[in-house]
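One structure is given below, encoded as structure tokens.
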Amino acid sequence: MESDADRIGQLTAELQSLRQQLAESERDLADYAQLKERLERFETAAANMQVGLTITDETGKILYTNPAEAAMHGYEVAELLGSDVRVLAPRELHRPLRSGHMSEISSWQRESVNVRSDGTRFVVHLTSDAVKDAAGTTVGFITTSLDITERKQAELDLRQSEARYRAIVEQATHGIYRTDSQDRFVSANPALVRMLGYETPLEVLDLDPDSDLYQDPAERSWLAEQYRDQGRIEGVVVHWKRKDGSPITVRLSGRRLRNERGEEEGSEVFAEDITRQVQLEEQVVHSQKIEVVGQLTGGIAHDFNNLLTVILASASMIESSLQPGQQALQHDLRDLQAAARRGSALVKRLLGFSRRAMLSLQPLDLTQVVKSFMSTMQRLLPETIEVEISGARHLPPVSADPNAVEQIVSNLVNNARDAMPKGGHLRVDTRVERLDEAHRAVSGWGEPGEYVCLSVSDTGVGMDHETRARVFEPFFTTKEQGFGTGLGMSTVYGLTKQHRGFVEVSSEVGRGTSVKVYFRPVTSPIAPYTPDQRVAEPEGGTETILVVEDEAPIQRAAKRVLERYGYQVIVVANGEEALDVVEHGRGDVDLIISDVVMPKMSGTELRQAMRDAGIHKKFILMSGYSERDVKANIGEEEAAPFLQKPWTPNELLALVRDVLDDVV
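Its first residue numbered 246, the sequence shown is counted upward by one per residue in the working numbering.
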């Protein structure tokens, strides 16, 4: 029988064992509570994560997934628990997951396109790590998923934007470039490379701005100050030079670039070549000057021509009345006539430079006209000047007025003569030249194509840049007072413009000057060219002529000339008086010669009033204004035979006879 002591000892041992088991259970309960608390914190954190989280076992069975993961794929959490992970995996991972290949990899990440439960696609970034036990065996996986669709779209948009920007920069017609803090090029688009005349961007990047780019380095320094003061520039005009040294005018707009520390690190600039625009603006300004002066000279020419008409007509009548032995008086009259003709020539030059001269255009062989005129002109040049005349044969015809061409050649040759006071070499030649777009880009003149060129070159004193810039200005001259009117080159310019051509002048001090006049060729057959011949003795007549003129001296001059040659002459002072004469039959009038500008009723109004009254008479309009201006005011279809003041008796009588005989 077991003793009480043994039993107590056994009970004590059992009690201790129970206590130990109880203590262990209490510890397990504490661990469980702690584990439960940690699990609750994990689930709370995972549930609030924006990133998807999934835990699977080693077979791919989903043990846990958070709401973000479920929502990302279009499911509820309960739908996914216990499912195969392939329901969440991109299609390209299905085979590796099924074969167990993925379990051999402890960690991996990738970007894939996945499909939601509704069939929509999205881009996901996956990161997966293996969970191993104490023995190192994989017992599951923890995978995170991040929807990067918006980021990928933003990256795509950025790449496309960069591509578009790059295409814009590369294909832009204007220059776009960047510089460093020292204003040296770090990038240049093709348009800028072409603008500067280089072949590759590398050539531009090697340029020194001060010596290779800016005509005046001080301009670059000023530009740098603008950047410092304002941080940007807008429409600033600078003057650069191309690879070949030719100048170009450029308009710049840009901004200064700064890094994150606020330090200047260069500039980004848009460059527009406005060389041609500036040239065209200068041409417009010049044309406006010419137009203003032309309006002034038109009025002066009218009044001056009236005076010269009286002088020439009176001198001619006096000369025809001289008796033998009056040589001294005859010399005086001829001097008077010569002075009047010089005045008339000056008026024509005024009309020429103001582009108001009336041209008689016809298809001409420019070589023939120039050679014929130079055969006479050459005899007037000093022997110290060596003259070379060279003309290409079989030139295409040009539409030109031969008298205007002669005036152009005369002015250019006279200028060349005056530029060589000690003698030199003068070359006059004609040829065909083909101008391209590059020529226009540099000169600002002329549409690309074929031209017939008249060139006059000398080895004289030449001109500096400032003089060259003013060479076409009316009344500008470098000659001493009394030796030049300043109308020579202005006349050349005006007449050439009337021919729809253009003029180029190149000159260098001490090396001479070359002037090229370009005419557009035409396809019409060449008209016969004969230099002006001496006017034959005019014929008279017995017809009745009505002279309508408000200037009494011109009335008297016309009346005396016409009556001397047998005509019956009626003189009135304005259109109203003339209309009264023809309406009331005071004389059977065969021809009316009327001034254009008169008080009460002008010559053109008189002609129209007669037509309205059913009176049809032969008519001559005369004016101190050019025929071009008169026709511009009344219309080409209304124009009558025209007599330009100042007229000589021979010119008046010849036109009167031609009109009466229906020659014109």
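Here a beta-carbon is modelled for each residue, glycine too, at the ideal position from N, C-alpha and C.
Check                                                                                                                : Outcome
Contained beta strand (DSSP E) runs [length at least 3] in the region 838–871, N- to C-terminal order                : 863–868
Per-residue DSSP class, three states only, for Val-328                                                               : One detail in the question is off: residue 328 reads as Ser in this sequence, not Val. Ser-328 falls in the coil class under three-state DSSP.
Backbone CA spacing between Ser-871 and Ala-469 [nearest angstrom]                                                   : 55 Å
When Glu-527, Gln-533, Arg-473 are compared against Glu-508, the one with the closest alpha-carbon                   : Arg-473
Residue from Gln-568, Leu-581, His-547, His-576 whose Cα sits closest to the Cα of Ala-558                           : Leu-581
Given Pro-641 as reference, the closest of Leu-391, Arg-679, Gly-785, Ala-379 once Cα atoms are compared             : Arg-679
Start-to-end residues for the alpha helix (DSSP H) that takes in Gln-813                                             : No alpha helix (DSSP H) contains Gln-813, which is instead part of the beta strand (DSSP E) from 813–817.
Residue closest to Thr-445, alpha-carbon to alpha-carbon, out of Met-665, Pro-770, Lys-488                           : Lys-488
Any 3 or more C-beta pairs closer than 8 Å across the region 525–532 and the region 854–870                          : no
Exposure of Val-384, with buried meaning 16 or more beta-carbon neighbours within 10 Å                               : exposed
Opposing strand residues paired with Lys-742 [DSSP bridges]                                                          : Paired residue(s): none; Lys-742 is not in a bridge.
Cβ pair count under 8 Å reaching 3, the region 411–431 against the region 312–332                                    : no
Per DSSP, the bridge partner or partners of Tyr-320                                                                  : BP columns for Tyr-320 are empty, so no partner.
Beta-carbon separation (whole angstroms), Arg-336 vs Gly-305, contact threshold 8 Å                                  : In fact, because the Cβ distance is near 15 Å, the residues do not count as touching under 8 Å.
Rounded straight-line distance, which links the Cα of Leu-888 to that of Phe-549                                     : 15 Å
Nonlocal neighbours in the same chain, by C-beta distance under 7 Å from Gln-295, ignoring five residues either side : Ala-313
Beta carbon of Val-827 nearer than 8 Å to that of Val-816                                                            : no
Reference Phe-747; option with closest CA among Gly-420, Val-658, Ser-700                                            : Ser-700
Residue span of the alpha helix (DSSP H) that contains His-484, given as start and end                               : No alpha helix (DSSP H) contains His-484, which is instead part of the beta strand (DSSP E) from 477–486.
6 Å CB neighbourhood of Asp-425 in its chain, flanking five on each side removed                                     : Val-431, Gly-511
Straight-line Cα distance separating Trp-353 from Thr-372                                                            : 6 Å
Cβ distance (whole Å) where Ser-655 is taken to contact Leu-606 below 8 Å                                            : About 19 Å; that fails the 8 Å criterion.
Ile-413 in three-state terms, based on DSSP                                                                          : helix
Touching by the beta-carbon criterion (3+ pairs, under 8 Å), the region 583–592 and the region 612–620               : no
Distance between beta carbons of Leu-671 and Ala-661, contact taken as under 8 Å                                     : 5 Å
Local Cβ density within 10 Å of Leu-897, reported as buried at 16 or more and exposed below that                     : buried
C-alpha gap between Lys-397 and Gln-405, whole angstroms                                                             : 12 Å
Pro-894, buried or exposed, once every other Cβ within 10 Å from all chains shown has been counted against 16        : buried
Contact between the region 751–763 and the region 781–790 (3+ Cβ pairs under 8 Å)                                    : no
For Pro-608, the residue or residues it bridges with in DSSP                                                         : Ser-644
Integer-rounded CB distance, given that Leu-574 should sit under 8 Å from Ala-560                                    : Actually they do not touch by this definition, with Cβ atoms about 11 Å apart.
Under the three-state DSSP convention, the category Lys-667 falls into                                               : coil
Residues near Phe-515 in its chain [Cβ-Cβ closer than 8 Å; skip 5 each side]                                         : His-419, Gly-420, Ile-421, Leu-497, Ser-498, Gly-499
Other residues of its chain near Gly-669: CB distance less than 8 Å, five sequence neighbours each side excluded     : Thr-629, Ile-630, Glu-631, Asp-703, Thr-704, Gly-705, Gly-757
Rounded straight-line distance, which links the Cα of Val-592 to that of Leu-836                                     : 28 Å
Whole-Å CB distance - Pro-766 paired with Val-697, under 8 Å assumed                                                 : 5 Å
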